[in-house]
Every structure is written in C-alpha cells, then in structure tokens.
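Here the structure is laid out as structure tokens; the discussion comes afterwards.
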Amino acid sequence: RLTSVARACETISGRKPLCLLLDLTTDGSCEEIVKRTIEQHRKIDVLINCAGKASLTSLFDTTTEIFDELIALNLRVPYKLTQLCLQHLKKTKGNVVNVFGAPMRVRPGFLPFAMIHDALERFTKAGALELVTEGVRMNAVRPGITRTNFLANLNVDADCMDHVYSKISAVVPNNVIIEPDEIAKTIIFVASDTCPNLNGANLIVDGAASSY
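Residue numbers (the numbering used here): 304 to 515.
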C-alpha cells in the first residue's frame with residue numbers, strides 16, 4: 304500500500320517521495336527518518352504521527368511484553384519524532400498532527416490501547432501548550448472505524464473483513480464505515496494554514512459514534 308501511494312504522489316506532483324521501510328521502535332530509526340527527510344527535502348513543514356497498532360492483551364497475562372510493544376510504537380515513537388523534528392518545525396512555523404482512534408467504550412483486551420489513547424490526548428494538549436511560544440501547533444485527528452488494515456493486524460481473515468465491517472456499521476449511528484480519503488482530507492485541513500489558531504484540538508471523525 305505504501306508503494307502504491309508513493310506512485311500516486313509521484314504521478315500527481317512529479318516528485319519522487321521518500322519511502323523508508325523501518326521498524327520505528329528500533330534504536331536510530333526515528334533519527335534516520337528525520338535525517339533522510341532533511342537530506343531530500345531540506346525542511347519539515349508538518350509531522351504526522353500516524354504509526355500505530357492494536358493487540359489484544361490483559362492484566363491476566365503473565366508478562367508485559369505486548370503492553371511494552373504497544374507503548375513503544377503508539378506512544379514513545381510520536382514523542383520521539385516530535386522531539387527530533389522540533390528544531391526543523393520551529394524554522395518553518397510548522398505543525399504536528401497526531402492520528403489515533405476516537406474515544407471508545409473500554410472493552411476487555413483493549414486496556415493498554417485505551418490507556419494510550421488517553422495519554423496521546425494529553426500529549427496533544429500539553430504539547431500544544433509547550434510549542435505555542437515557538438509558533439508550532441499540535442493537534443489530533445481521531446478517526447472512528449475506518450476501512451484500513453487495522454483489523455488485519457488483529458488477525459481478522461481477509462475473507463471475513465466485509466462481514467466484520469457490516470456488523471460494526473450496524474452499531475454506528477449513521478451505519479457508515481469511514482473511508483481513509485475522508486481522514487486524509489481532515490488531516491490536510493488541520494495541517495494547513497486555514498485556521499492558524501486551531502491548536503491543542505482533538506478532532507473526532509466518527510459519525511457521532513463516540514456520542515453514544
């Protein structure tokens with residue numbers, strides 16, 4: 304999917320995007336991304352923290368292995384990337400967009416995931432307050448159930464995907480599964496200069512699902 308998006312970007316813009324296949328949780332990976340980006344593009348206008356995953360785990364597990372993996376990718380990586388990009392964002396008066404799930408009812412097996420969402424919400428608000436003096440904004444875009452590879456990461460079989468989505472859509476107020484294009488447009492809007500005082504906000508795009 305990354306390769307196909309890169310090809311589309313190149314077709315539209317005429318510029319070859321930088322594509323890196325890295326494990327963001329390994330030492331030096333975040334530094335490599337920032338270094339290569341500056342080498343190719345000379346500046347950073349926007350940082351979009353959108354890497355993340357969910358795994359089922361529980362307090363009844365005998366280790367914290369899955370918990371540690373989730374914290375490392377979903378929480379430590381956006382914090383680290385923001386730190387590394389800050390010197391460049393200050394120069395461009397750019398901004399940070401954190402992408403993570405809309406508020407949800409906590410269910411068994413998703414305790415660490417829910418904890419991380421709360422932490423990222425506070426990160427967005429507190430980060431915006433810290434960065435505002437440098438002319439750098441930080442906001443969050445929080446999608447509801449969106450047609451991505453999220454379910455595949457939870458080991459949902461590809462043949463069952465449509466059935467699962469139909470079941471999920473039945474409990475969403477507007478009975479709609481969000482398409483990635485809508486989330487992309489929201490991120491573009493938040494990252495643009497259209498609303499220069501949009502800062503520290505958590506924009507929820509979930510068809511009112513979290514209003515239940």
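Even for Gly, the Cβ is constructed at its ideal location relative to N, Cα and C. Predicted, not measured: the structure shown is a model, and the values here were computed from it.
Decide yes or no for the touch test of the region 404 to 412 against the region 501 to 511: beta carbon pairs closer than 8 Å, at least 3 of them.
yes
Which residues bound the alpha helix (DSSP H) around Ala417?
Counted from its first residue, the sequence shown places residue 417 at position 114. Start and end: Leu414 to Leu434.
Inspect the beta-carbon positions of His391 and Ile347 and report whether they are closer than 8 Å.
Sequence index remark: in the sequence shown, residue 391 carries index 88 (1-based). Sequence index remark: in the sequence shown, residue 347 carries index 44 (1-based). For His391 and Ile347, yes; Cβs fall inside 8 Å.
Which value, in whole angstroms, describes the spacing of the CA atoms of Arg445 and Thr489?
The residue you call residue 445 lines up with position 142 of the sequence shown. The residue you call residue 489 lines up with position 186 of the sequence shown. Using only the alpha carbons, I get a separation of about 10 Å.
The alpha helix (DSSP H) enclosing Pro406, as first and last residue numbers:
Translated into positions along the sequence shown, residue 406 becomes position 103. For Pro406, no alpha helix (DSSP H) segment is defined, and its DSSP state is neither H nor E.
DSSP beta-bridge partners for Ala443?
Stepping through the sequence shown from its first residue, residue 443 is reached at position 140. Answer is Asn401 and Asn505.
Leaving out five residues before and five after Pro320 in sequence, what residues of the same chain have Cβ atoms less than 6 Å from its Cβ?
Here residue 320 is taken as the residue at index 17 of the sequence shown, counted from 1. Closer than 6 Å at Cβ, skipping near neighbours: Ala309 and Cys312.
Let me check understanding here. Comparing Cα to Cα, which of Ser472, Asp330 and Thr360 lies closest to Thr383?
One-based indexing of the sequence shown puts residue 383 at position 80. The sequence shown places Lys at residue 383, not Thr. Considering only alpha carbons, the answer is Asp330.
Taking the Cβ atom as the reference point for each residue, do Leu373 and Ile419 lie within a distance shorter than 8 Å?
Stepping through the sequence shown from its first residue, residue 373 is reached at position 70. Stepping through the sequence shown from its first residue, residue 419 is reached at position 116. Yes, these two residues count as a Cβ contact at 8 Å.
Starting from the Cα of Leu359, find the closest Cα among Glu334, Phe416 and Gln343 and give me that residue.
Walking along the sequence shown from the start, residue 359 turns up at place 56. Ranking the options by Cα distance to Leu359, first place goes to Phe416.
Buried/exposed call for Asn398, threshold 16 Cβ in 10 Å
By one-based count along the sequence shown, residue 398 stands at place 95. Buried is the call here.
What alpha helix (DSSP H) runs, 4 residues minimum, are completely inside the region 327 to 406?
Runs of the alpha helix (DSSP H) inside the region 327 to 406: 332 to 344, 368 to 374 and 380 to 395.
Can you tell me whether Thr431 is buried or exposed? The criterion is at least 16 other CB atoms within 10 Å of its CB, across all chains shown.
Along the sequence shown, read from residue 1 onward, the residue named residue 431 stands at position 128. Per the sequence shown, residue 431 should be read as Ala rather than Thr. Label assigned to Ala431: buried.
Assign Ile486 to one of three DSSP states: helix, strand, or coil.
As a position in the sequence shown, residue 486 is number 183, starting the count at 1. Here Ile486 sits in helix by DSSP.
Closest Cα partner of Phe492 within the set Asn452, Lys338 and Ala443
By 1-based counting over the sequence shown, the position of residue 492 is 189. Of the listed residues, the one whose Cα sits closest to Phe492 is Ala443.
Under a Cβ-count criterion, where at least 16 other Cβ atoms within 10 Å of its own Cβ denotes burial, should Arg440 be classed as buried or exposed?
Here residue 440 corresponds to residue number 137 of the sequence shown, with the count starting at 1. Buried is the call here.
CA-CA distance, Asn257 and Ser469?
Within the shown structure, residues of the chain are numbered from 304 to 515, placing residue 257 beyond reach of any answer.
Check whether the Cβ atoms of Ile481 and Ile471 sit closer than 8 Å, and answer yes or no.
Locating residue 481 in the sequence shown gives position 178, counting from the first residue. Locating residue 471 in the sequence shown gives position 168, counting from the first residue. The answer is no: Cβ separation not under 8 Å.
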